[in-house]
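Colleague: Mind looking over this structure? Questions follow.
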Amino acid sequence: MFGNRFLGEEKRAAEDKRPKGLNLFLPGWGSWVGKGIKQSKSKKRRFLIKLPEEPAPKKNTLGNVIINEDGDKKASAYQVKQLPFPFSNVTQFERHIQQPVSHTWVPPSSLRNLTAPKTVTKAGKIIEPIDAEDVVLEKTTKKPRQQKKKKEKVPVGVTNGAASFQRSIDNIIYKSKVSKVEFNFPSQKTVNTLESLKVDVVDISLAAIEEGTPFRVETDATDFIIGATLSQAERSIAFFFRTLNKSEEITLPSKRSLCYSRFFALLETLFNWKVF
0 MFGNRFLGEE KRAAEDKRPK GLNLFLPGWG SWVGKGIKQS KSKKRRFLIK
50 LPEEPAPKKN TLGNVIINED GDKKASAYQV KQLPFPFSNV TQFERHIQQP
100 VSHTWVPPSS LRNLTAPKTV TKAGKIIEPI DAEDVVLEKT TKKPRQQKKK
150 KEKVPVGVTN GAASFQRSID NIIYKSKVSK VEFNFPSQKT VNTLESLKVD
200 VVDISLAAIE EGTPFRVETD ATDFIIGATL SQAERSIAFF FRTLNKSEEI
250 TLPSKRSLCY SRFFALLETL FNWKVF
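So that you can map any letter, position 178 of the sequence shown is 177 in numbering that gives the first Met the number 0, and since no number is skipped, the others follow by simple counting.
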């Protein structure tokens, strides 16, 4: 009996929530009034304004529960959309909230740690309040995007010279723009000079070796290139240079890479010029 009464109350609550039409019919408009006169149903229907129907409520699978779908709009403004750190799901957050914090349930030492303030200031210090305009402007104002500068390639043989190389190139380009001269590097004269220098070096290296005269080995190295020259009586006999391979670059310590690369150059000279 109690269950039937509860279901009846649930139905009445559902009917009360349904939007009812607005009846604008008044007796005596376009018809006679008085005892024994029936009002026309068609006229009543004509003055009845139907309200738009709301979406059907969710099906209630619980027989002894009345579901109230009228949400509090004012309370929704205070609802949290994201979980605070360090919680990863709702269950962890609810379990943490359900934990009692009181000297009745928690030891005094744990209570001090749980209720300790995040920020501690000295007595008498004035703390300025947060200005809402500053917060809104910081979120709404768009910061200009910084364009990333393209890295210029450093020529082979220049060690730790990225900045100096960039400055020299900028100066050359600036002078060419000011003087309105076509920028052409390297020039044909420079190319011819280098070609003649190569020929002279090859010719000198083919000179005859003098017996009894000591040899001199000079090495030079960078972080990624090694080179050496073999000379006798201030004349070049042989020379070489090559880039370091990946395995040699990996074995180089970060702080002593130059010393180790010179050591590689010395080993290369002993291996190539052991016949001398």
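Where a beta carbon is used, it is the ideal one built from N, C-alpha and C, also for glycine.
1. Could you tell me the alpha carbon to alpha carbon distance between G7 and H95, rounded to whole angstroms?
2. Looking at the structure shown, is E217 part of a helix, part of a strand, or coil, going by DSSP?
3. For my contact list, N63 and F5 are in at a C-beta cut-off of 8 Å; report their separation, rounded to the angstrom.
4. Looking only at its own chain, which residues have a Cβ that is under 6 Å from the Cβ of K254, when we skip the five neighbours before and after it?
5. Helix, strand or coil, according to DSSP, for T282 in the structure here?
6. What are the partner residues of L21, as DSSP defines its beta bridges?
7. Tell me whether the stretch 186-202 and the stretch 225-233 touch, counting them as touching only if at least three CB pairs, one residue from each stretch, are closer than 8 Å.
8. Can you grab the Cα-Cα spacing for the pair N88 / Q81, in whole Å?
9. Hey, quick one: how far does the alpha helix (DSSP H) through T90 stretch, first residue to last?
10. Going by CA-CA distance only, name the one from K37, F214 and I236 that's closest to D199.
11. Measure how close the beta-carbons of T221 and A264 come, nearest whole angstrom, since I'm counting them as under 8 Å.
12. Using DSSP with H/G/I as helix, E/B as strand and the rest coil, what is Q187?
13. Give me, in chain order, the residues of the same chain whose beta-carbon lies closer than 8 Å to that of V105; leave out the 5 immediate sequence neighbours on both sides.
14. Thinking just about the alpha-carbon of each residue, which of K34, S41, A13 and K10 is nearest to the one in F24?
15. If we call anything under 9 Å between Cβ atoms a contact, is I225 one with L243?
16. What would DSSP say about A227, mapped onto helix, strand or coil?
17. Within a Cβ cutoff of 6 Å, which residues of the same chain sit near K16, ignoring the five residues on either side of it in sequence?
18. What is the C-beta distance between L50 and P18, in whole angstroms, given that I count them as a contact (C-beta under 8 Å)?
Modeller: Taking the definition as stated:
1. Taking the straight line joining both Cα atoms gives about 40 Å.
2. Looking at E217 - three-state DSSP - the assignment turns out to be strand.
3. The Cβ separation is near 6 Å, so the contact holds.
4. Only weak support is given to the placement of K254: the predicted model assigns it a pLDDT of 47, under 50, and the question is left unresolved by the model.
5. Summary: the structure shown does not reach residue 282, with the chain confined to residues 0 through 275, and so no result is reported for it.
6. Paired residue(s): I48.
7. At 8 Å Cβ cutoff, the stretches do not touch.
8. Across the structure, N88 and Q81 are spaced so that their CA atoms are roughly 10 Å apart.
9. That run of the alpha helix (DSSP H) goes V89 to Q97.
10. The residue with the shortest Cα to Cα distance from D199 is I236.
11. Not really, about 10 Å apart at Cβ, beyond 8 Å.
12. Helix at Q187.
13. Contacts found: P99 and L113.
14. Of the candidates K34, S41, A13 and K10, S41 places its Cα closest to the Cα of F24.
15. Result yes, Cβ atoms of I225 and L243 sit closer than 9 Å.
16. DSSP places A227 in strand when its eight states are reduced to three.
17. Residues of the same chain with a CB within less than 6 Å of the CB of K16, apart from the 5 flanking positions on each side, do not exist.
18. Rounded, the Cβ-Cβ distance is 4 Å, consistent with contact.
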